[in-house]
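Below: one structure, written as structure tokens.
Residue numbers (my numbering): -15 to 82.
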């Protein structure tokens, strides 16, 4: 999160002095590291929108459910998607994937 926050700060802040590292050349290691982080986050967001057999089944049953149970079905699908990406999210945040 700190890397992402630093990247956002550097992108959206206005540098009055035009600070660059090493004789006017921007530091591309930070840019590449942030690009990799953004790519990982993008793939996680894509995984959240992906459906599988379980979510398709719940989605198919929703018209037959009461309003209260439809909300619970939506919550269950969100939880299933979160559990699906949890190992990758843990690795992204520096966890040991255990």
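The beta-carbon is built from N, C-alpha and C at its ideal position, and this holds for glycine as well.
Cβ distance (whole Å) where residue i is taken to contact residue j below 8 Å
{"i": "residue 49", "j": "residue 57", "result": "6 Å"}
{"i": "residue 38", "j": "residue 64", "result": "6 Å"}
Nearest-angstrom Cα separation, counted from residue j out to residue i
{"i": "residue -8", "j": "residue 59", "result": "31 Å"}
{"i": "residue 91", "j": "residue 21", "result": "Missing from the structure shown is residue 91; the chain here goes from -15 to 82 and no further."}
{"i": "residue 43", "j": "residue 32", "result": "15 Å"}
{"i": "residue 26", "j": "residue 67", "result": "17 Å"}
Option nearest residue i by Cα separation, candidates the options
{"i": "residue 41", "options": "20, 75, 70, 54", "result": "54"}
{"i": "residue 73", "options": "29, -13, 18, 51", "result": "29"}
{"i": "residue 19", "options": "46, 34, 35, -10", "result": "-10"}
{"i": "residue 69", "options": "35, -12, -13", "result": "35"}
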